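Some notes on the structure that comes next.
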Amino acid sequence: MGTLIGVLPGIGPTATIALLLPATFKMDPVSSIIMLSGICYGAMYGGSTTSILLNIPGEASSVVTCLDGYQMARKGRAGAALGISAFGSFIAGTFSIIGLIFLAPTLANFALKFGPPENFTLMLMGMMVVTYLARKSMLKALVMMGVGIFIGCVGLDPMTSGPRFTFGLSSLYDGVGLAPVIMGLFGIAEVLDNVGVLVKADVFGGKIKGIFPNREDWKKSAMPIARGTLLGFFLGILPGVGNIVPQFISYVIEKKLSRHPEKFGTGMIEAVASPEACNNAAVGGTFIPLLSLGIPSNAMTAMLLGALMIYGVTPGPLLIKNTPDLFWGVVASMYVGNVLLLILNLPLIPIWVRLLRIPYSYLFSFIILFCLIGAYSLNNNISDVIIAWFFGLLGYFLKKFEYEPAPMILAFVLGPMMEVALRRSLTLSDGSFMIFFQRPISAVFMLISIAVLVVPLITRKRVGAGLASDE
Amino acid sequence: MGKVDCYGGLFWVIVSVLICFHALQLGLGTLSEPGSGFVFFSAGLLIGVFSLLICILSVTGKKGEGPSPFKNVHWGKFVLALVYIFLYGALIERLGFLLSTFLLLGLLLRTIESKRWYVIFLVALIGSLGTYSIFELWLHTRLPRGIFGF
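Just so you know, the protein sequences line up as chains V and A, in that order.
Everything in the first sequence is counted per the numbering used here, starting at 91 for the first residue and increasing by one.
Everything in the second sequence is counted per the numbering used here, starting at 84 for the first residue and increasing by one.
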């Protein structure tokens, strides 16, 4: 299912997780998280298929693959592109799982030393990194962060239980649901953006042959896969980075290291291998802060965090200790899933190609329908459908005005936890903000957060800015 | 940044003023005991400051506007799709899942890309029955029956 979602443009893993959430209520939490996690890394495999065959990224994390992947397909090398993408993803996925096994418990033990000031500053740092890495305007990303905090805190006050911004609606006492927001922002908004715009996808029509890369392909791709894997994994660990920005960085690095940088964009296999390895490794990396610290790195892991909370599992440093079956279940399933995806995906490519020929009007109507059903079935409440509708409309205008939703989603999930941590910290320090600088770990996080905010203003340069327009 | 960004910034400035105003009514508390409105006021301030910066930069920045983001928007189809989705949410419990889904799919298909009526009818029928099977029968999701009992 993850691969299918990755293949189909218009609905990504985040909206799909939101959609399937109600269906998992009858399952035990471990099985549910395993299934939802499978969608995450499955989508990474599937996204490259549409990038290579259609020149349309099936998933946001496969954008870069379009640049050279489609060109390889036009030259009759679609098979090699798909093959190296699958193998590179497998290698990177395997490495990131090993990293997850060793790093997550270590980080979780370290995080047991965290108190409210450390929790607050860690979450703040994660959000600041997300805004810093925004592909377009950092100022707009900061506005989105504020909006996310606002929406996330709507509901009853966690300390006093007084209603806040509920406008008298009892359905808002528990806050705004994450699933309807996600479905609106990522599902409905995407479809509204395409309504009336005629998108005739030019599906690659040639025969796909030679899916196993030859010796020359491996020779060219080995080091890019290694570099992409390391880059994706370690960047994915950082709270707030996610798995989209690392792929852009890996593309730029490969181009700079290449002997023929001028050929990038014309069908270079290195330009497919490295970003694909990078985004798969990053998925494993993003699971580390999620499972060990309870901090999501992107909208997808934010959705998983929401799912964990719905199942009654408390995310944070004690998750591995208290629910080891969940952690090891996810790790084992990731490896099994990795192997299965490699074995199944390549033979299933003709089916994905047929799916892509379905007219968009049918696809989009069903995407909207699934989003609405998903929103309704959470609580059998039409207010969730209206919330999804509202955020669909909001998401549409955010897209048009170039406001990225990822900072908002992260802030939406982290906002309530940040509020509690902040209020506890200020109560501990009797109102002094110096508490965030007096404790060493908190001070480091705080200084990074300030640097991330201030440095771009001084240097007028950002890692994220212009990455999307670099090519 | 251009004029479009200025309008966007102004919108968020207004939103931030409303948030801060309401947050003050909730009460900010003290620094040693922050009140219910503290975080909302802070968020509102954050939104207001940065959106004001966006407005200022868009006005003082380089001239030269890019194409309007709404250039190729088919407003008629967009508004219709919005209305259909809203009505679906509002009426699903009254009309029931099957009927409202049938109507939604039919109207969306007609709106997004005009198809022949029999194609719309068939796809809407198969779609509504298919999704009912998936969600109600397979995933055991409770879907509303409506006043007609289905």
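Don't be surprised by glycine CBs; every beta carbon is placed ideally from N, CA and C.
Fair warning: this is a prediction, and the values are worked out from it, not measured in the lab.
How is proline 253 (chain V) classed by DSSP in three states: helix, strand or coil? The DSSP-derived three-state label of proline 253 (chain V) is strand.
Which residues does DSSP pair with glycine 131 (chain A) in a beta bridge? DSSP lists no partner for glycine 131 (chain A).
Every unbroken alpha helix (DSSP H) inside the stretch 165-197 of chain V [4 residues or more]: Those alpha helix (DSSP H) runs which fall completely within the stretch 165-197 of chain V and span 4+ residues do not exist here.
For a contact meaning CB atoms closer than 7 Å, what does serine 115 (chain A) contact in chain V? In chain order: Leu516, Thr517, Asp520, Gly521.
When V:Met508, V:Thr155, V:Leu325 are compared against methionine 235 (chain V), the one with the closest alpha-carbon: Minimum Cα distance to methionine 235 (chain V) is reached at V:Met508.
Any chain A beta carbon closer than 8 Å to valine 475 (chain V): Closer than 8 Å to some Cβ of chain A, the Cβ of valine 475 (chain V) qualifies, so yes.
So, helix, strand or coil for glycine 91 (chain A), using DSSP? Glycine 91 (chain A) falls in the helix class under three-state DSSP.
Hey, glutamate 366 (chain V) and serine 175 (chain V) are a contact pair by Cβ (cut 8 Å); roughly how many whole angstroms apart? At roughly 4 Å, the Cβ-Cβ gap stays under 8 Å, so glutamate 366 (chain V) and serine 175 (chain V) are in contact.
Neighbourhood of valine 120 (chain V) by C-beta distance below 6 Å, restricted to the same chain and skipping five residues each side: So the list reads Asp415, Leu416, Gly419, once near-sequence residues are dropped.
Reference phenylalanine 456 (chain V); option with closest CA among A:Gly91, A:His105, A:Leu192, A:Ile97: By alpha-carbon distance to phenylalanine 456 (chain V), the top candidate from A:Gly91, A:His105, A:Leu192, A:Ile97 is A:Leu192.
Using a Cβ cut-off of 8 Å (strictly closer), state whether serine 119 (chain A) contacts chain V. By this cut-off, serine 119 (chain A) is an interface position.
8 Å Cβ cutoff met for valine 544 (chain V) and isoleucine 130 (chain A): Going by C-beta atoms, valine 544 (chain V) is not nearer than 8 Å to isoleucine 130 (chain A).
Alpha-carbon to alpha-carbon, methionine 162 (chain V) and glycine 355 (chain V): In this structure, the alpha-carbon of glycine 355 (chain V) lies about 9 Å from that of methionine 162 (chain V).
Would you verify that the beta carbon of lysine 160 (chain A) is, or is not, closer than 8 Å to some beta carbon of chain V? Yes, its Cβ sits closer than 8 Å to a Cβ of chain V.
Can you check DSSP and say which residues form a bridge with glycine 274 (chain V)? Looking at the DSSP output, glycine 274 (chain V) sits in no beta bridge, so it has no partner there.
When you check each C-beta in the stretch 522-534 of chain V against every C-beta of chain A, which residues fall closer than 7 Å? Taking 7 Å as the Cβ-Cβ cut-off against chain A, none of the residues of the stretch 522-534 of chain V qualify.
Rank V:Gly166, V:Pro195, V:Gly402 by C-alpha distance to the C-alpha of isoleucine 123 (chain V) and give the top, closest one. Comparing alpha carbon positions, the residue from V:Gly166, V:Pro195, V:Gly402 closest to isoleucine 123 (chain V) is V:Gly402.
Compare the C-beta of leucine 136 (chain A) with all C-beta atoms of chain V and state if any pair is closer than 8 Å. Output row for leucine 136 (chain A): interface = yes.
Tell me the DSSP secondary structure of leucine 408 (chain V) in three-state form. DSSP, read as helix, strand or coil, puts leucine 408 (chain V) in coil.
If you compare alpha carbons, which of V:Leu398, V:Gln528, V:Met217 is closest to methionine 125 (chain V)? Measuring from the Cα of methionine 125 (chain V), the nearest candidate turns out to be V:Leu398.
With 8 Å as the threshold, decide whether the Cβ of valine 271 (chain V) is near any Cβ in chain A. No - not a single Cβ of chain A is within 8 Å of the one on valine 271 (chain V).
May I have the straight-line CA-CA distance separating phenylalanine 94 (chain A) from leucine 262 (chain V), to the nearest angstrom? When the Cα atoms are used, phenylalanine 94 (chain A) and leucine 262 (chain V) turn out to be separated by approximately 24 Å.
Nearest candidate by alpha-carbon position, reference lysine 230 (chain V), set V:Tyr493, V:Asn369, V:Thr184: Comparing Cα positions, the closest option is V:Tyr493.
From isoleucine 327 (chain V) to glycine 85 (chain A), what distance separates their C-alpha atoms? Their backbone Cα atoms lie some 36 Å apart in a straight line.
Provide the residue span of the alpha helix (DSSP H) that contains arginine 513 (chain V), from first to last. It spans 495-518 - the alpha helix (DSSP H) in which arginine 513 (chain V) sits, taken as one unbroken run.
Using a Cβ-Cβ cut-off of 6 Å (strictly less than) and excluding sequence neighbours within five positions of isoleucine 538 (chain V), which residues of its own chain qualify? For isoleucine 538 (chain V), where only same-chain residues beyond five positions count, the Cβ hits under 6 Å are Met215.
Which one or two residues does DSSP pair with leucine 246 (chain V) in a beta bridge? Residue pairing by DSSP places leucine 246 (chain V) opposite V:Pro253 in a beta bridge.
Buried or exposed: where does lysine 203 (chain V) fall if 16 or more other Cβ atoms within 10 Å of its Cβ makes it buried? Around the beta-carbon of lysine 203 (chain V), fewer than 16 other beta-carbon atoms lie within 10 Å, marking it exposed.
Could you name the residues of the stretch 174-191 of chain A whose beta carbon sits closer than 7 Å to any beta carbon of chain V, in the order they occur along the chain? If the cut-off is 7 Å between Cβ atoms, the stretch 174-191 of chain A has Ile175, Glu176, Thr184, Leu187, Leu188, Leu191 near chain V.
So proline 396 (chain V) contacts chain A; which residues on that side make the cut at Cβ distance below 9 Å? For clarity, residue 396 (chain V) is glycine in the given sequence; the question names proline instead. Within chain A, no residue comes near glycine 396 (chain V); the closest Cβ sits about 18 Å away, beyond 9 Å.
So, for valine 244 (chain V): in the same chain, excluding its five sequence neighbours on each side, which residues have a beta-carbon less than 8 Å away from its beta-carbon? Closer than 8 Å at the Cβ level, and outside the excluded window around valine 244 (chain V), lie Arg254, Phe255, Thr256, Leu262, Gly265, Val266.
Contact set between the stretch 190-224 of chain A and chain V, restricted to residues whose Cβ is under 8 Å from the partner: Within the stretch 190-224 of chain A, the residues whose Cβ lies closer than 8 Å to some Cβ of chain V are Leu191, Leu192, Thr194, Ile195, Glu196, Lys198, Val206, Gly210, Thr214, Phe218, Leu222, His223, Thr224, listed in chain order.
Which chain A residues are close to methionine 235 (chain V), counting only those with a beta carbon under 8 Å from its beta carbon? Ordered by position in chain A, the residues that pass the 8 Å Cβ test against methionine 235 (chain V) are Leu129.
Using 8 Å as the cut-off, can you tell me whether the stretch 505-521 of chain V makes contact with the stretch 208-223 of chain V, which would need three or more C-beta pairs spanning the two stretches below that distance? Counting C-beta pairs with one atom in each stretch, the stretch 505-521 of chain V and the stretch 208-223 of chain V have three or more that are closer than 8 Å, which means they touch.
Thinking C-beta only, is phenylalanine 218 (chain A) closer than 8 Å to leucine 226 (chain A)? The criterion of a C-beta distance shorter than 8 Å is satisfied by leucine 226 (chain A) and phenylalanine 218 (chain A).
Return helix, strand or coil for glycine 205 (chain V), following the three-state DSSP convention. Here glycine 205 (chain V) sits in coil by DSSP.
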